[in-house]
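One structure is given below, encoded as structure tokens.
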Amino acid sequence: MDFLNNILQLPHRCLLNKKITKAFFKRNFDLSIAERSLLDTQIENIDWIASLNPENINVNTYVNEDLIYEEIQVIAVIIRDKDFENIAIKVAELIHKYIPYAILLCVYDTQQMVWSTYHKRIHQNDFSKRMIDKRYFSEAISLSVKSSLQSKFLESLAYQHLEKANLFELYNGYTQRIFALQASKLNSTFTVRTQSRTQSDMLLLEELNKLQEEIDGLSNTAKKETQLNKQVDLNLQIQHKRTAMAQLKLKIAE
């Protein structure tokens with residue numbers, strides 16, 4: 029866990045360095061068979077690294093009719109060396125789903141790590157529950173050899189670099205950095221944008237991913253199509269979508 033403390037550089041007064049047992053999840057939540065299996069077979073340890081709240085970091089809470097940010101939990105999960113990215117996403121879903129606070133989560137094994145934030149809204153029928161609104165994941169990052177962009181991303185996670193107007197702004201700062209790493213693939217530059225710019229770029233990236241899915245679907249259809257005129261039409265649709273993707277990439281990279 030030392031490498032995580034070195035990355036995040038959180039104030040000592042908010043550090044916990046406690047264990048969260050698998051029994052905690054089994055005892056307190058109605059887990060599915062698949063979730064119980066995930067706990068038992070894929071997770072080595074769950075570490076509760078820190079809890080950030082107004083008392084220990086002097087950053088105000090944020091509350092409105094949809095959102096409540098009273099604390100930010102920092103949690104790390106060690107998983108077994110098998111099918112890392114797939115298992116990491118499933119583990120993240122489990123942790124974020126059942127712990128109702130804002131969580132900065134690092135899932136890692138002996139070779140690589142993934143960071144995630146989930147933005148959650150208040151369940152309108154039960155104030156104690158949260159509904160997951162958006163999910164954000166970094167790419168898998170090697171623990172030993174990192175690209176320059178990945179190194180800049182990790183350096184940017186240091187507490188001193190984050191906005192601290194309130195806990196929502198603080199948590200959103202982590203999300204902005206995860207998104208900046210995603211966007212860096214488009215222009216080979218790691219830049220943390222303003223909150224408003226990040227939000228608009230996120231929408232563009234969602235549209236970009238949607239277009240890519242549509243292109244993949246059209247390409248699969250074109251491979252199976254036997255009529256030449258329909259193949260031509262499908263290829264034209266693909267070209268139009270690729271042009272639209274190129275324009276979106278330019279907007280994000282500006």
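Numbering follows this note's numbering, with no gaps: position 130 of the sequence shown is 158. Note that the Cβ used here is the ideal one computed from N, Cα and C, for glycine as well.
Judged by DSSP in its simplified three-state form, Glu282 adopts coil rather than helix or strand. Fewer than three beta-carbon pairs drawn from the segment 168-178 and the segment 192-202 are found closer than 8 Å, and the two stretches are therefore not classed as touching. Looking from the CA of Asp30, the closest CA among Lys47, Ile77, Arg64 and Ser65 belongs to Ile77.
Around the beta carbon of Ser166, 16 or more other beta carbons lie within 10 angstroms, which makes this residue buried. Taking the CA atoms as reference points, Tyr90 sits about 6 Å from Leu195. Between Thr249 and Leu262, the C-beta gap is smaller than 7 Å, which places the two residues in contact. About 28 Å separates the beta carbons of Glu63 and Asn81, which is beyond the 8 Å limit, so they are not a contact pair. CA-to-CA, the gap between Ile35 and Val87 works out to about 20 Å. Under the DSSP assignment, Val119 falls in the alpha helix (DSSP H) whose first and last residues are Phe112 to Tyr126. Residue pairing for His147: DSSP places it in a beta bridge opposite Lys162.
When secondary structure is reduced to three states using DSSP, Lys174 falls in the coil class, being assigned neither helix nor strand. The continuous beta strand (DSSP E) containing Gln101 extends over residues Ile100 to Ile107.
Looking at the DSSP output, Gln140 bridges to Ser170. Bounds of any alpha helix (DSSP H) do not take in Ala78; it lies within the beta strand (DSSP E) bounded by Ile71 to Leu80.
Sequence-distant partners of Glu253 (beyond 5 residues in either direction) whose C-beta falls short of 6 Å from its own C-beta, in its chain, are Gln259. In this structure, the straight-line span from the alpha carbon of Ile103 to that of Ile131 is close to 7 Å. According to DSSP, Ile131 shares a beta bridge with Gln101.
Linking Lys47 to Ser247 through their CA atoms gives a straight-line distance of about 48 Å.
By the criterion of a C-beta distance shorter than 8 Å, Glu113 is surrounded in its chain by Val142 and Ala168, once the five residues flanking it on both sides are discounted. Collapsing the DSSP output to three states places Leu43 in a strand.
Excluding the 5 residues flanking it on each side, Leu232 has same chain C-beta neighbours closer than 8 Å at Leu276, Lys279 and Ile280, in chain order.
Taking each of Ile127, Leu133, Ile100 and Gln37 in turn and checking the Cα distance to Ile107, the smallest one comes out for Leu133. Around the Cβ of Asp229, a 10 Å sphere holds 16 or more other Cβ atoms; the residue is buried. DSSP places Val91 within a strand segment (E or B) once states are collapsed to three. In the three-state scheme derived from DSSP, where H, G and I count as helix and E and B as strand, Ile243 is classed as helix.
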